[in-house]
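Okay, structure first, notes after.
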Amino acid sequence: MSTPPLASELDLCLCHSCGLACDMTGEPHECERCGAPLHRRKTNALTRTWAYLLTSLVFYIPANLLPVMNTKMVGNGADSTIMSGVLEFWEAGAWDIALIIFIASIAVPGLKFVVLTLLLVTVQRNSAWARKERSKLYRFVEVIGYWSMLDVIVVALVASLVKFQALADIEPRTGILFFGLVVVFTMLAAMSFDPRLIWDTPHPNNEEVMDEIASH
Amino acid sequence: MVSTDQLIICEHCDCVYRKTTLAKHQKTLCTRCGGVLQRYNGLTVEQRLALTVTALMLWIFANFYPVMSISLKGLKNSATLWDSVLALSLGPITFIALVAAIAMIIAPVIQLLLLIWVLGHALAGRRSPGFRFCMRWLETLRPWSMLEVCLLGAMVAVIKLAGLLDVLPGIGLFALAILSLMMIRIAGRDIRDLWDLP
């Protein structure tokens, strides 16, 4: 199957804000329809994505180690981290809720680190490997990204409700700040990555293809 | 060469296609990377506006009525979305309260107001003043508006607390549930279609 023409071949550029195909003859700096700045590729996509990704990776450590919530029942206070919250549900037999929180709070950020690193490294090595699948992975990361905010919202609601002075009191702790920052920075990382870079390798490595054909 | 507004560029791999008219439930995919190019959206301007106004009403309910209330040994307490933002704003973690406020309250209401402004004028057959500005903000706010997550969070909170004390879901929670589903329909990526209005 033949590939459709590319925007670069037709001297077109996609406007990221309104989706218009902008004619690039005369090098306009702004989209003629919505006025958003035009870039053929997102500026410094790789550097920015690495920076955001590493920042969130650093925050991921305190987010998981520091307590996110303090529960005080009749005078006895107990700190809980994200993982201990998951375990609590698990032990209480609510494995489904435990699974939801585990996926949203621990698996999703972890998966985002792995996938974005994989995408960054393969793009930097000009790899032509599994392009379609890598495109899919990127879209997947974009979709799942913000579900990690779940725990922040749960802590906020629970802390605002349980306010019975001496009897029972729940307060948020610093862990939730770092956790929220992880979510924000992984979202920024995914937004600054340019998926078109996956397809940008100018000449697909013909030698490799030939080698593969020869070996079959 | 054809006019460029009839062209569509795949945002994932830069392939260029000509736009087509879609029938119900159809979508077009990029042949190279498999990304979605166009998705059918059957809403007319009137329908969009009606849904947006409804959504704004629901937003008011979701924000001014408690999401849930609890009781413990005769003591009662209830919380709205704003209360939960305030609970985060104490101490050194204020920043996250700001993020939560944007994600749960501010981004959705700005989206709705901008949509009403744009659609209201479109209904009268003209472009609203500041149309470009509104459309760009709608695009910028989209990823930061997290009502679906907020709904799931509220449900998890209900279950989490149900083990400790009596929990009663409030009007706010039901409004939130419908609102979050409606937001997906009216404030999704396809608001870009509004650019094609005369």
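Chains A and B, in that order, are what the protein sequence lines are.
Per numbering that gives the first Met the number 0: the first sequence ends with 215, consecutive numbering throughout.
Per numbering that gives the first Met the number 0: the second sequence ends with 197, consecutive numbering throughout.
Don't be surprised by glycine CBs; every beta carbon is placed ideally from N, CA and C.
As the structure is a prediction and not an experimental result, all values here were calculated from the model.
Q: Kindly indicate which residue of Ile170/B, Gly169/B and Asp165/B has the alpha-carbon position closest to the one of Lys72/B.
A: Asp165/B
Q. Got a sec? Which residues, its chain only, sit under 8 Å from Lys71/A by beta carbon, not counting five neighbours each side?
A. Ala77, Ala167, Asp168, Ile169 and Glu170
**Q.** Spatial distance of Thr3/B from Cys33/A (CA atoms)
**A.** 14 Å
Q) From Asp193/A to Ala97/A, what distance separates their C-alpha atoms? A) 34 Å
Q: Would you kindly work out how many angstroms separate the C-alpha atoms of Leu187/A and Tyr51/A, rounded to a whole number?
A: 7 Å
Q. Could you give the residue range of the beta strand (DSSP E) that holds Cys21/A?
A. Ala20 to Asp22
Q.
With a threshold of 8 Å between beta carbons, is Trp209/B in contact with chain A?
A. Outside the displayed range of chain B (0 to 197) lies residue 209/B, so it cannot be described from this structure.
(Q) Please tell me whether Gly179/A has its Cβ less than 8 Å away from any Cβ of chain B. (A) yes
Q. Taking any Cβ of chain A, which residues in the segment 147-165 of chain B have a Cβ under 7 Å from it, in chain order?
A. Val148, Cys149, Leu151, Gly152, Ala153, Val155, Ala156, Ile158, Lys159, Leu160 and Gly162
Q: Please say whether Leu175/B and Leu150/B have beta carbons closer to each other than 8 Å?
A: yes
Q. Cα-Cα, which of Ala165/A, Val161/A, Trp146/A and Ser55/A is closest to Ile99/A?
A. Trp146/A
Q) Using the beta-carbon count (16 or more within 10 Å), is Asp150/A buried or exposed? A) buried
Q | The beta strand (DSSP E) enclosing Tyr16/B, as first and last residue numbers | A | Val15 to Arg17
Q: Can you give me, in chain order, the residues of the segment 115-133 of chain B that have a beta carbon less than 8 Å from any beta carbon in chain A?
A: Arg131
Q. So, are the CB atoms of Phe259/A and Ser7/A less than 8 Å apart?
A. The question about residue 259/A has no answer, for chain A in this structure spans 0 to 215.
Q: Check whether the Cβ of Ser134/A lies closer than 8 Å to any Cβ atom in chain E.
A: As a matter of chain content, chain E is missing from the structure shown, whose protein chains are A and B.
Q) Can you list, in chain order, the residues of its chain whose CB lies under 8 Å from that of Asn76/B, leaving out five sequence neighbours each side? A) Ser68, Ile69 and Ser70
Q: Would you tell me roughly how many angstroms separate the C-alpha atoms of Leu89/B and Ala103/A, rounded to the nearest one?
A: 25 Å
Q.
Taking CB distances under 8 Å as the criterion, tell me whether Tyr145/A reaches chain B.
A. yes
Q) Would a check of beta-carbon distances place Asn62/B closer than 8 Å to chain A? A) no
Q: Report the rounded CA-to-CA distance for Val85/A versus Met145/B, giving the unit in angstroms.
A: 22 Å
Q: May I ask you to report which of helix, strand or coil DSSP gives Val153/A?
A: helix
Q.
Less than 8 Å between CB atoms is the rule here; does Ala186/B satisfy it with respect to chain A?
A. no
(Q) Quick check on the DSSP output: the alpha helix (DSSP H) that includes Gln46/B runs from which residue to which? (A) Val44 to Phe63
(Q) My assumption, with CB atoms under 8 Å, is that Gly171/B sits in contact with Leu114/B. Please give the rounded CB distance. (A) That belief does not hold up - the Cβ atoms of Gly171/B and Leu114/B are roughly 22 Å apart, past 8 Å.
Q.
Using only CA atoms, which one of Leu160/A, Leu119/A, Glu132/A and Gln164/A lies nearest to Leu196/A?
A. Leu119/A
Q | Host alpha helix (DSSP H) of Ser191/A (start-end) | A | Gly174 to Ser191
Q. Are Ile92/B and Leu176/A touching if we call contact CB-CB under 8 Å?
A. yes
Q: May I ask which residues mark the beginning and end of the alpha helix (DSSP H) holding Ile63/A?
A: The identity of residue 63/A in the sequence shown is Asn, whereas the question assumes Ile. Looking at the DSSP string, the run of the alpha helix (DSSP H) that includes Asn63/A is Ala44 to Leu64.
**Q.** Nearest-angstrom Cα separation, counted from Asn62/B out to Leu111/B
**A.** 14 Å
Q: Using a threshold of 8 Å, state whether the C-beta atoms of Gly193/B and Ala121/B are closer than that.
A: A small correction: the amino acid at residue 193/B is Leu; Gly does not occupy that position in the sequence shown. Result yes, Cβ atoms of Leu193/B and Ala121/B sit closer than 8 Å.
Q) Val98/B CB to nearest chain A CB: under 8 Å? A) yes
Q: Compare the C-beta of Asn40/B against all C-beta atoms of chain A and say whether one is closer than 8 Å.
A: no
Q: Measure the C-alpha to C-alpha separation of Trp58/B and Leu42/B and round it to an integer number of angstroms.
A: 21 Å
Q) From this set, Met190/A, Thr48/A and Ala20/A, which residue's C-alpha is nearest Glu141/A's C-alpha? A) Met190/A
Q: Please state if the CB of Ile95/B and the CB of Trp257/B are separated by a distance shorter than 8 Å.
A: Outside the modelled stretch of chain B, which goes from 0 to 197, sits residue 257/B, for which no answer is possible.
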